[in-house]
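The structure appears right after this line, and notes come after that.
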Amino acid sequence: MSDTASLKLGEKTYDLPVVIGTEEEKAIDISKLRDQSGFVTLDSGYKNTGATKSKITFLDGEKGVLKYRGYSIEELAEKASFIEVTYLLIYGNLPTREQLDDFQFQISRHTLVHEDMKKFFDGFPSKSHPMGQLCSLVCSLSAFYPESLDPHPSKEDQNLTIIKLLAKMPTIVSWIHKKSLGHPIVYPQNKLDYVSNFLNMTFGQRTEDIEIDSVVVDAMNKLLILHADHEQNCSTSTVRMVGSSECNLYASISAGISALWGPLHGGANQAVIEMLEKIRNDGGDTQKWIAKAKDKNDPFRLMGFGHRVYKNFDPRASIIKKSCDDILSKLGINDPVLEIAKQLEEVALSDPYFIERKLYPNVDFYSGIIYRALGFPTDMFTVLFALGRLPGWIAQWKEMRENKEPIGRPRQIYTGETNRPFVAIANR
Ligand code: CMC
22 MSDTASLKLG EKTYDLPVVI GTEEEKAIDI SKLRDQSGFV TLDSGYKNTG
72 ATKSKITFLD GEKGVLKYRG YSIEELAEKA SFIEVTYLLI YGNLPTREQL
122 DDFQFQISRH TLVHEDMKKF FDGFPSKSHP MGQLCSLVCS LSAFYPESLD
172 PHPSKEDQNL TIIKLLAKMP TIVSWIHKKS LGHPIVYPQN KLDYVSNFLN
222 MTFGQRTEDI EIDSVVVDAM NKLLILHADH EQNCSTSTVR MVGSSECNLY
272 ASISAGISAL WGPLHGGANQ AVIEMLEKIR NDGGDTQKWI AKAKDKNDPF
322 RLMGFGHRVY KNFDPRASII KKSCDDILSK LGINDPVLEI AKQLEEVALS
372 DPYFIERKLY PNVDFYSGII YRALGFPTDM FTVLFALGRL PGWIAQWKEM
422 RENKEPIGRP RQIYTGETNR PFVAIANR
């Protein structure tokens with residue numbers, strides 16, 4: 022393969038560098054094209070635009086492959102803990118025993134959040150959406166830890182900010198849950214591992230530790246690992262974009278949480294369960310809802326279906342579907358929406374509309390059924406996605422800063438009015 026691509030514009034030909042990644046992905050570097058030719062490239066929604074070179078996550082949407090730092094998602098979901106994967110994503114390698122113990126120890130020293138932050142919870146209406154609370158609370162950590170505002174911190178200080186965020190996020194998430202119930206918060210128990218501590222704060226009571234079912238801990242670890250990174254998706258690109266202005270980590274991650282909230286992205290997990298409930302309450306006629314999803318005059322979409330990058334299957338969805346049956350049977354739960362989900366999938370996968378458009382169940386299709394079985398209310402699902410995605414966002418933010426990437430600032434093609442003389446209001 023040649024190391025340049027030629028672009029002919031009128032009489033002139035421009036040679037553009039070709040960039041090839043370690044997994045043979047190919048790109049044409051157009052960064053100098055405007056200076057050379059006056060042209061920009063146009064790609065609404067960045068459907069075919071690489072925004073960065075990254076060493077963190079690889080995915081091949083045609084083959085259904087997903088790897089973190091070279092390790093397959095199937096192997097990590099089966100064999101690793103979420104905290105190991107967190108270390109892997111952020112620091113680049115799987116930790117040794119000593120590194121992992123030290124990492125967990127550092128995290129355990131910062132799990133408390135400032136007592137003044139509790140006052141925020143009094144201010145939020147009791148029914149306010151957990152994602153709105155989460156992005157506000159994460160951003161407000163910057164007020165409590167102003168040293169994070171330094172755009173050029175030492176490595177140690179930057180790492181401390183990362184550790185603090187990893188440590189405080191489960192505490193904040195569990196307190197949001199407690200607030201929604203009107204229950205007293207549960208403080209962190211540093212003798213517990215990351216995931217068990219989170220579950221204890223979420224489902225435990227103030228005075229005693231609960232016995233945490235290992236099925237629940239394993240399921241939670243797996244779900245968090247499956248959500249931990251997904252290269253340059255909408256929320257991660259947002260984190261990198263905001264961080265590229267040298268904005269602090271807390272504010273950058275808060276922006277990512279906002280981006281994740283939408284129903285086309287992480288908000289889909291909540292939307293899926295609401296859709297399945299609606300179908301069930303409507304009599305369970307899946308054919309009718311498939312017809313609605315195909316009708317271009319109907320805004321209804323099959324939530325949890327389709328993906329910008331996966332055009333064969335979403336490997337995360339395959340793992341989650343398998344776990345779903347397993348976890349529900351281990352917990353002795355029979356959720357009627359699981360049957361509806363399976364029927365919907367079967368009908369959709371044999372329908373030409375979905376086959377032609379390569380629409381398959383994505384990570385959000387079955388995850389909500391598991392979250393529900395574990396005891397989480399529907400409006401907490403996207404918050405759990407955010408908890409899982411946190412190490413990925415941090416790793417991507419850190420990589421972007423370490424690579425000294427320039428501020429993100431796309432171009433546009435202006436299509437508005439050209440010169441118009443101002444007309445005084447009396448004459449308009
Ligand atoms: N139901 C019905 N039709 C669909 C769906 C769907 N879920 N998804 C895509 N289509 C159709 C769409 O109408 C279009 O048809 P046509 O070519 O006739 O106009 C075609 O498929 C291509 O869709 P698109 O919207 O151009 O594709 P996109 O890459 O811009 O969007 C998506 C990807 C995930 C936003 C979209 O598939 C979708 O809205 N899915 C439902 C929401 C969802 O489950 N989101 C979670 C994504 S996975 C978690 C994450 O990482 O965010």
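Residue numbers (the working numbering): 22 to 449. All C-beta atoms, glycine included, are put in the ideal place defined by N, C-alpha and C.
If we call anything under 7 Å between Cβ atoms a contact, is L405 one with Y387?
-> Contact flag unset, no.
Keeping to the same chain, check which residues put their C-beta closer than 6 Å to that of Y108; ignore five residues upstream and five downstream.
-> Excluding positions up to five away in sequence, the list reads P116, F124.
If you count every other CB in all the chains shown that lies within 10 Å of the CB of V237, and 16 or more means buried, which is it?
-> Buried: at least 16 other Cβ atoms inside 10 Å.
Compute the Euclidean distance between the alpha carbons of E295 and F141, then round it to the nearest angstrom.
-> F141 has its alpha-carbon roughly 29 Å from the corresponding atom of E295.
Taking the alpha helix (DSSP H) that Y35 falls in, what are its first and last residues?
-> In the DSSP annotation of this structure, Y35 is not part of any alpha helix (DSSP H); the continuous beta strand (DSSP E) holding it starts and ends at 33 to 41.
Name the two residues that bound the continuous beta strand (DSSP E) containing F79.
-> It spans 78 to 81 - the beta strand (DSSP E) in which F79 sits, taken as one unbroken run.
Is the closest heavy atom of the ligand CMC to the C-beta of R378 under 6 Å?
-> It does: the Cβ of R378 is within 6 Å (strictly closer) of some heavy atom of the ligand CMC.
Same chain, Cβ closer than 6 Å to V106, five either side skipped, listed in chain order | Take V106, set aside five residues on each side of it, and the residues of its chain with a beta-carbon closer than 6 Å to its own are L97, I246, A249, in chain order.
Shortest alpha-carbon distance to G409 belongs to which of T257, G396, G113, T70?
-> Among T257, G396, G113, T70, the Cα nearest to that of G409 belongs to T257.
Cβ-based burial, V260 [other Cβ within 10 Å; buried from 16] | With a 10 Å radius around the Cβ and a threshold of 16 neighbouring Cβ atoms, V260 comes out buried.
Identify every residue that forms a DSSP beta bridge with Y89.
-> Partner(s): T78, Y92.
Between F402 and the ligand CMC, is the CB less than 6 Å from at least one heavy atom?
-> Residue side-chain check: F402 keeps its Cβ at 6 Å or more from all non-hydrogen atoms of the ligand CMC.
Would you grab the beta carbon distance between I197 and L155 for me? Rounded to a whole angstrom, and I think it's under 8 Å.
-> That belief holds up - the Cβ atoms of I197 and L155 are roughly 6 Å apart, short of 8 Å.
With respect to 6 Å, is the separation between the Cβ of A314 and the closest non-hydrogen atom of the ligand CMC below this value?
-> Checking the Cβ of A314 against the ligand CMC gives yes.
Between the C-alpha atoms of R118 and E298, what's the straight-line distance to the nearest angstrom?
-> The straight-line gap separating the alpha-carbon atoms of R118 and E298 is approximately 45 Å.
Are there 16 or more other CB atoms within 10 angstroms of the CB of R326, so buried, or fewer, so exposed?
-> Strictly speaking, residue 326 in this sequence is Phe, with Arg absent from that position. The residue is buried, with at least 16 neighbouring Cβ atoms inside 10 Å.
State the DSSP-derived secondary structure class of K313, mapped to helix, strand or coil.
-> Correct three-state label for K313: helix.
Quick one: using the 10 Å Cβ neighbour count with 16 as the cut-off for buried, is I428 buried or exposed?
-> Exposed: under 16 other Cβ atoms inside 10 Å.
Taking 7 Å as the cut-off, decide whether the C-beta atoms of C255 and A280 are in contact.
-> Yes.
For K47, write down the residues that DSSP places opposite it in a beta bridge.
-> Assignment of beta-bridge partners to K47 by DSSP yields I41.
To the nearest angstrom, report how far apart S58 and L411 are at their CA atoms.
-> Counting only the Cα atoms, L411 lies some 41 Å from S58.
Cβ of I390 within 7 Å of any chain B Cβ | Absent from the structure: chain B. Only one protein chain is present.
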